[in-house]
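Quick note on the UniProt record's numbering: the sequence shown kicks off at 1 and runs consecutively.
Ideal Cβ placement from N, Cα and C applies to all residues, glycine included.
Predicted model, so just to flag it, every value in this text is computed and none were measured.
Reviewing the structure listed below.
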Amino acid sequence: MIKLSKRLQAIYDLANGNVIADIGCDHGYIPLKLDQKKHKKVYACDVAQGPLSRAQALFEKENAKIDTILMDGISALPEDVDQVIIAGMGGKLIESILEKGKDKLVNVDSLILSPHRNAESLRSYLIKNHFRIEKERLVFEEDHAYWIMYCRKGSQTLSDWQVWYGAHVKEDDDYRKYLKIEKYKWEDLQNKVPASRFEEGKARLKWLDSKISQS
Ligand SMILES: C[S@@+](CC[C@H](N)C(=O)[O-])C[C@H]1O[C@@H](n2cnc3c(N)ncnc32)[C@H](O)[C@@H]1O
């Protein structure tokens with residue numbers, strides 16, 4: 001059985017839909033494990049034939065019967081899907097996939113999203129588009145920070161801090177490490193930017209100082 005990386009395992013742990021589509025499945029590890037361990041109906045989807053063929057080869061080797069779909073984003077999402085995973089892409093690409101496929105989300109209850117950049121923009125997009133972020137986690141993999149968001153349909157208001165540093169986040173060692181890195185980043189910027197253009201930076205540093213001192 002495939003051993004998932006820490007990031008993929010964290011995504012897999014959150015998956016609880018009845019019928020799950022993994023968009024941008026690439027290697028196919030998440031669909032395979034969902035099939036083998038959680039016995040879920042799962043669709044492995046990708047925009048490119050290369051990754052999809054690799055995933056298909058893995059499924060065949062493992063004797064797993066998993067449907068694969070070659071599609072851009074969620075443009076041909078089957079109607080029985082109630083949970084969508086989109087991981088390992090930038091937040092802006094995830095936004096554009098959700099935006100272009102809005103009409104395909106009617107039967108979808110929950111999203112598991114893992115952007116490797118532009119998480120702030122994605123949070124704002126989700127709130128504006130009637131998804132609430134129920135929980136988040138941050139995972140470092142090869143020194144890169146990945147957010148993992150579990151979202152359901154509904155309304156939510158987020159403070160600036162939640163848009164910047166996550167909503168209902170698991171406050172573990174990786175998250176604390178991330179906050180410290182952010183603090184150094186904004187302190188460094190403070191030395192380079194005129195005070196008049198550093199209002200948001202000041203607010204961030206104030207919040208980061210207080211959060212780090214509490215943890
Ligand atoms: C870096 S891999 C991430 C793989 C896996 N989801 C993970 O988190 O490890 C990104 C995958 O997304 C696919 N992809 C990129 N844009 C896409 C789109 N618009 N629709 C579906 N898949 C897409 C790529 O072909 C690639 O296989």
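Apart from the five residues just before and just after residue i, which ones in its own chain have a Cβ nearer than 7 Å to its Cβ?
i      : result
Lys153 : Asp109, His130 and Phe131
Lys6   : Val139 and Glu141
Ile133 : Arg123, Leu126, Met149, Cys151, Gln156, Ala167 and His168
Leu77  : Ala21, Gly101 and Lys104
Leu192 : Here residue 192 turns out to be Lys, not Leu, going by the sequence shown. Correct list: empty, nothing qualifies.
Ile61  : For clarity, residue 61 is Lys in the given sequence; the question names Ile instead. Around Lys61: no qualifying Cβ.
Leu189 : Gly201
By alpha-carbon positions, which one of the options ends up nearest to residue i?
i      : options                           : result
Val47  : Leu70, Pro31 and Tyr29            : Leu70
His168 : Asp174, Leu122 and Lys135         : Lys135
Lys37  : Ile2, Ser53 and Ala44             : Ile2
Lys170 : Asp143, His144 and Ala10          : Ala10
Asp160 : Lys202, Ser96 and Tyr12           : Lys202
Tyr12  : Lys192, Arg197, Ser114 and Val193 : Ser114
Asp172 : Ser213, Thr68 and Arg137          : Arg137
Val42  : Glu62, Glu60, Gly88 and Thr68     : Thr68
Gly17  : Leu4, Gly88 and Asn107            : Asn107
With a CB to CB cut of under 6 Å and the five nearest residues on each side skipped, what residues in its chain are close to residue i?
i      : result
Asp80  : Val19
His116 : Tyr146
Arg204 : Trp186
Asp22  : Ile30, Pro31, Ala44 and Ile85
Glu99  : none
Give a yes or no on whether the C-beta atoms belonging to residue i and residue j are separated by under 7 Å.
i      : j      : result
Ile127 : Gln156 : yes
Ser215 : Arg176 : yes
Leu8   : Gly28  : no
Ile94  : Gly73  : no
Glu120 : Val163 : yes
Round the Cβ separation of residue i and residue j to the nearest angstrom and send it over; I've been treating them as touching at under 8 Å.
i      : j      : result
Ile66  : Leu32  : 7 Å
Gly91  : Leu122 : 4 Å
Leu158 : Leu179 : Incorrect: roughly 17 Å between the Cβ atoms, too far for contact.
Ala64  : Cys25  : At roughly 13 Å, the Cβ-Cβ gap does not stay under 8 Å, so Ala64 and Cys25 are not in contact.
Could you name the residues of the same chain whose beta carbon sits closer than 8 Å to that of residue i, not counting the 5 residues immediately before and after it, in chain order?
i      : result
Gln49  : Leu70
Ala15  : Ile30, Leu34, Lys38, Lys40, Gln83, Ile85 and Ile112
Ser75  : Lys100, Gly101 and Lys104
Lys183 : Leu205, Leu208, Asp209 and Ile212
His144 : His116
Between residue i and chain C, is the shortest Cβ-Cβ distance under 7 Å, so that the two count as touching?
i      : result
His144 : Chain labels in this structure do not include chain C; a single protein chain is all it has.
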